[in-house]
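Engineer: So in my numbering the end of the sequence shown lands on 191, straight run, no missing numbers.
Ideal placement from N, C-alpha and C gives every residue a C-beta, glycine not left out.
Small disclaimer: the values here were computed from a predicted structure and weren't measured.
One structure, pasted below without further comment.
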Amino acid sequence: VQIPIAKFEDIKLKKSKSIMEQFRGFPAKMQFTPLPNLFFSNLLPQISDIIELKTTLHILWALYHKRGYPRFITYGELLGNTSLMSSLKEAAKPAGEALRQALEMATRRGTILHIVLDKDGVPADIYFLNTKSDRQVM
């Protein structure tokens, strides 16, 4: 019995019933964010939690776009980022709780460094990338 093989042009794709919006592809002109080679060779194979991965990638992106020294990001900045927080809503827990857990995981792994500073009597969570220069700051 021969089964006829359909041509690619003849195949009609069914629309997904998912609420996920279809990615439209990358435009011809766009900005890039570099990632350290060690991210791919050493760090990525260790990360199994998607929330930790999304948070880590966002931190790398945000720190790359910052100017000055030292480069850091606050919990408030992360919490206020609508792109990051909407991607964390898929977690089984509230997005703020998922963010806290992801930050704790990335800190325990050694990806980021965490300190708490007193800002006008209010504790502020500050995160650095775990680099030699940022370790010296701490």
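1. Whose C-alpha, out of 87, 78, 119 and 132, is nearest the C-alpha of residue 156?
2. Put residue 76 into one of helix, strand or coil per three-state DSSP.
3. Return yes when the C-beta of residue 154 is under 7 Å from any heavy atom of the ligand ZN, and no when it is not.
4. Which word fits residue 135, buried or exposed, when buried means at least 16 other C-beta atoms lie within 10 angstroms of its C-beta?
5. How should residue 108 be labelled, buried or exposed, when 16 other C-beta atoms within 10 angstroms of its C-beta is the threshold for buried?
6. Which word fits residue 179, buried or exposed, when buried means at least 16 other C-beta atoms lie within 10 angstroms of its C-beta?
Structural biologist: Let me spell this out:
1. 132
2. Coil at residue 76, not helix or strand.
3. Absence of the ligand ZN is noted for the structure shown, with no ligands found whatsoever.
4. exposed
5. buried
6. With a threshold of 16 other beta carbon atoms within 10 Å, residue 179 meets it and is buried.
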